[in-house]
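The block underneath contains the structure these notes are about, expressed in structure tokens.
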Amino acid sequence: MKNILYKFVLIGFSLIFMSQSWAETVGSGQITFTGTQMGALVQGNFRKFSADLHFDAQDLPHSYAHITIDLGSIDLASEESEDEIRGKHWFNIQSFPQARFDSSDIRIVGPNQYLVWGLFQLKGISKPLRIPLKMSYDHGGRSAQGRFTLKRNDFDVGDGTWSATDTVADEVTVDYRFTLVP
Amino acid sequence: MSSRSPAKFTPVAIGLHWIMAAGLTIAFGVGQYMSGLELSPWKLKIYTWHKWLGVTLFLLVWMRMAWRSTHRPPALPATMSRQLQKVTEIAHWALYILMVLIPLTGWLHSSAAGVSVVYFNLLPLPNLVPKDKSLSHLFETLHQALNWTLLVLVLGHVAAAFKHQFVDRDQLMARMRP
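Just so you know, the sequences run in chain order A and B. For the first sequence, the positions run 37 to 218 when my numbering is used. For the second sequence, the positions run 117 to 294 when my numbering is used.
The structure is reproduced here in structure tokens:
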């Protein structure tokens, strides 16, 4: 009897858990990236961004991600390289201070694995982007994380003498992680 | 002490000495030149080459120390005072320590900056510390300070060699002639 009751509670609890929607905890996220310079990996991250995330595994059509990145908040190898990347050849933050991602469609592709389609805006250029998303459950919260690759020349990031990819590669790998709470 | 010390350095020791002398001079000169450059693809290239040279020198100094510890160098001239022999010994130790620490602090600086080193585009070296800007600045300052210390010691080393050659006329430099 006790055992059955216990099972009911467990099933009930997991049902609640499954249907719950989760939103981002402010300030919990990380957006890092890795570029390649002369064949060597270069790490960086953004210190300031805002993420308006809503995720419900049972209601994907109403789940969404709106992310705005303050490009000036970049953390790179040195102040010199940060100043350079804020300049007109790279992000040109005077004219385009932010990058944006707005999801339009989220689909499940495997257990806790999703693909998020959306529009990415950077340096005045908008391109569709598909971002893989993995949900994991830890310590009563959930984390949403993923990795994808962008081509900087698609967005004129690093133009002029920088556009050649022998010194700074075209591909930039972006890693993100957000902690979600009910 | 029955075994007599050799009259000349071994060819390997002589080779390593001059290869490192040339390599250190180039790495120092390039280091001075590149830090003043404006950021450009050329600057990134030359930084990478400087790092490759630094890693090479780091490997060579360990080979050199291994060789030195297994091959007895010629003794210092008996005409030198005990104190001067001691100073010479300390100076040589300091040169070896700097030749280890300088590439190491360069590697630490690059690691803390979040820039990995891939030796000749083939061998990725591990980042020794996580990305941390204040740490990066600290290792940069240390790398520079150790380089200036090395420069002073090397100038002293060259001056001492010339003194032996032209003042004492004891033919000391012949022991290191290639």
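No residue lacks a Cβ here, since even glycine has one placed at the ideal position from N, Cα and C. Predicted model, so just to flag it, every value in this text is computed and none were measured.
Looking only at its own chain, which residues have a Cβ that is under 8 Å from the Cβ of B/L353, when we skip the five neighbours before and after it? Outside the displayed span of chain B (117 to 294) sits residue 353 of chain B, for which this structure offers no information.
When DSSP labels each residue in this structure, what does A/E207 get in the three-state scheme? Counting from one through the first sequence, the residue named residue 207 of chain A turns up at place 171. Three-state DSSP puts A/E207 in a strand.
Considering only DSSP beta bridges, list what B/Y83 is partnered with. Given a span of 117 to 294 for chain B in the structure shown, any question on residue 83 of chain B remains unanswerable.
Beta-carbon neighbours of B/V233, restricted to chain A and to distances below 9 Å: For the purposes of this step, residue 233 of chain B is identified with residue 117 of the second sequence, where counting begins at 1. Chain A residues near B/V233: A76.
By how many angstroms is the C-alpha of B/A207 removed from the C-alpha of B/V231? Translated into positions along the second sequence, residue 231 of chain B becomes position 115. Translated into positions along the second sequence, residue 207 of chain B becomes position 91. The alpha-carbon atoms of B/V231 and B/A207 are separated by roughly 33 Å.
Alpha-carbon to alpha-carbon, B/H253 and A/P168: As a first step, residue 168 of chain A is located in the first sequence; it is residue number 132 there, counting from the start. As a first step, residue 253 of chain B is located in the second sequence; it is residue number 137 there, counting from the start. If I take the Cα positions, the gap works out to 36 Å.
Would you say B/A143 and B/G170 are within 7 Å of each other, going by their C-beta atoms? One-based indexing of the second sequence puts residue 143 of chain B at position 27. One-based indexing of the second sequence puts residue 170 of chain B at position 54. Yes, they are a contact pair.
On the criterion of 16 or more Cβ atoms from any shown chain inside 10 Å, does B/G145 qualify as buried, or is it exposed? Here residue 145 of chain B refers to the residue found at position 29 of the second sequence. Per the 10 Å Cβ criterion, exposed.
Would you verify that the beta carbon of A/Q157 is, or is not, closer than 7 Å to some beta carbon of chain B? Here the question's residue 157 of chain A lines up with position 121 in the first sequence. No, its Cβ sits nowhere closer than 7 Å to a Cβ of chain B.
Beta strand (DSSP E) containing A/W153: first to last residue? Mapped onto the first sequence, residue 153 of chain A falls at position 117. A/W153 -> beta strand (DSSP E) spans 149 to 158.
On the three-state DSSP scale, how would you describe B/F236? Position 120 of the second sequence, counted from the start, is the residue given in the question as residue 236 of chain B. Here B/F236 sits in coil by DSSP.
Euclidean distance between Cα positions of B/M150 and B/H259: For the purposes of this step, residue 150 of chain B is taken as residue 34 along the second sequence, with counting starting at 1. For the purposes of this step, residue 259 of chain B is taken as residue 143 along the second sequence, with counting starting at 1. If you take the alpha carbons of B/M150 and B/H259, they lie about 14 Å apart.
Starting from the beta carbon of A/G73, find every residue of chain B whose beta carbon is closer than 8 Å, and list them in chain order. By one-based count along the first sequence, residue 73 of chain A stands at place 37. According to the sequence shown, residue 73 of chain A is Gln rather than Gly. Here the neighbours are L160, T164, V231.
For A/L51, which of helix, strand or coil comes out of DSSP? Locating residue 51 of chain A in the first sequence gives position 15, counting from the first residue. Since pLDDT at A/L51 reaches only 43, below the 50 mark, its modelled position is unreliable, and the value read off the structure follows with that caveat. Three-state DSSP puts A/L51 in a helix.
Backbone secondary structure at B/G230 - three-state DSSP: Here residue 230 of chain B refers to the residue found at position 114 of the second sequence. Of the three classes helix, strand and coil, the one that applies to B/G230 here is coil, per DSSP.
Identify the contact partners of A/G196 in chain B, using a Cβ-Cβ distance below 8 Å as the criterion. Here residue 196 of chain A refers to the residue found at position 160 when the first sequence is read from its first residue. Here the premise fails: no neighbours, minimum Cβ distance about 10 Å.
Can you find at least 3 beta carbon pairs, one from the stretch 281 to 291 of chain B and one from the stretch 193 to 202 of chain B, that sit closer than 8 Å? yes
Rounded to whole angstroms, what's the CA-CA distance from B/A229 to A/W153? Just pull it up for me. Counted from its first residue, the second sequence places residue 229 of chain B at position 113. Counted from its first residue, the first sequence places residue 153 of chain A at position 117. Straight-line Cα distance between these residues: approximately 33 Å.
For B/M215 and B/F236, what's the separation of their Cα atoms in angstroms? Position 99 of the second sequence, counting from 1, holds the residue named residue 215 of chain B. Position 120 of the second sequence, counting from 1, holds the residue named residue 236 of chain B. About 20 Å.
Could you tell me the alpha carbon to alpha carbon distance between B/T221 and B/L244, rounded to whole angstroms? As a first step, residue 221 of chain B must be located in the second sequence, where it is residue number 105. As a first step, residue 244 of chain B must be located in the second sequence, where it is residue number 128. Roughly 10 Å between the two C-alpha positions.
For a contact meaning CB atoms closer than 9 Å, what does A/S109 contact in chain B? Numbered from its first residue, the first sequence carries residue 109 of chain A at position 73. Neighbours of A/S109 on chain B: none; closest Cβ ~13 Å, over 9 Å.
Straight-line gap, A/A205 to B/A277 (C-alpha atoms, nearest Å): Position 169 of the first sequence holds residue 205 of chain A. Position 161 of the second sequence holds residue 277 of chain B. Answer to the nearest angstrom: the Cα atoms are 48 Å apart.
Short of 9 Å Cβ to Cβ, which residues in the stretch 145 to 156 of chain B face chain A? E154, L155, S156
Below 7 Å CB to CB, which residues in the same chain sit around B/P219 once its five sequence neighbours on both sides are set aside? As a first step, residue 219 of chain B must be located in the second sequence, where it is residue number 103. Only G170, V171, L173, F174 meet the Cβ criterion.
Buried versus exposed call for A/E120 [16 or more other C-beta atoms within 10 Å across all chains shown]: The sequence position of residue 120 of chain A within the first sequence is 84, counting from 1. It is buried - the Cβ of A/E120 has at least 16 other Cβ atoms within 10 Å.
Using a Cβ-Cβ cutoff of 9 Å, what residues of the stretch 198 to 217 of chain A are near chain B? List them in chain order. W198, A200, D202, T203, V204
Does any C-beta atom of chain B lie closer than 7 Å to the C-beta of A/Q79? Residue 79 of chain A sits at position 43 when you count from the first residue of the first sequence. At least one chain B Cβ lies under 7 Å of A/Q79.
So if I threshold CB-CB distances at 8 Å, which residues from the stretch 236 to 268 of chain B count as touching chain A? N237, P240, K247, K249, S252
Cβ-based burial, B/W134 [other Cβ within 10 Å; buried from 16]: As a first step, residue 134 of chain B must be located in the second sequence, where it is residue number 18. That one is exposed.
N-terminal and C-terminal residue of the alpha helix (DSSP H) that A/L165 is part of: Position 129 of the first sequence, counted from the first residue, corresponds to residue 165 of chain A. Where A/L165 is concerned, there is no enclosing alpha helix (DSSP H), although the beta strand (DSSP E) it sits in stretches over 161 to 174.
B/A123 to B/R293, Cα distance in whole Å? In the second sequence, the residue the question calls residue 123 of chain B occupies position 7. In the second sequence, the residue the question calls residue 293 of chain B occupies position 177. In a straight line, the C-alpha of B/A123 is about 12 Å away from that of B/R293.
A/I121 - DSSP class collapsed to helix/strand/coil: As a first step, residue 121 of chain A is located in the first sequence; it is residue number 85 there, counting from the start. In this structure, A/I121 counts as helix in the three-state DSSP scheme.
How many whole angstroms separate the CB atoms of A/Q73 and A/T203, which I take to be in contact at a CB cut-off of 8 Å? Reading the first sequence from its first residue, position 37 is the one you call residue 73 of chain A. Reading the first sequence from its first residue, position 167 is the one you call residue 203 of chain A. Right, their Cβ atoms sit about 7 Å apart.
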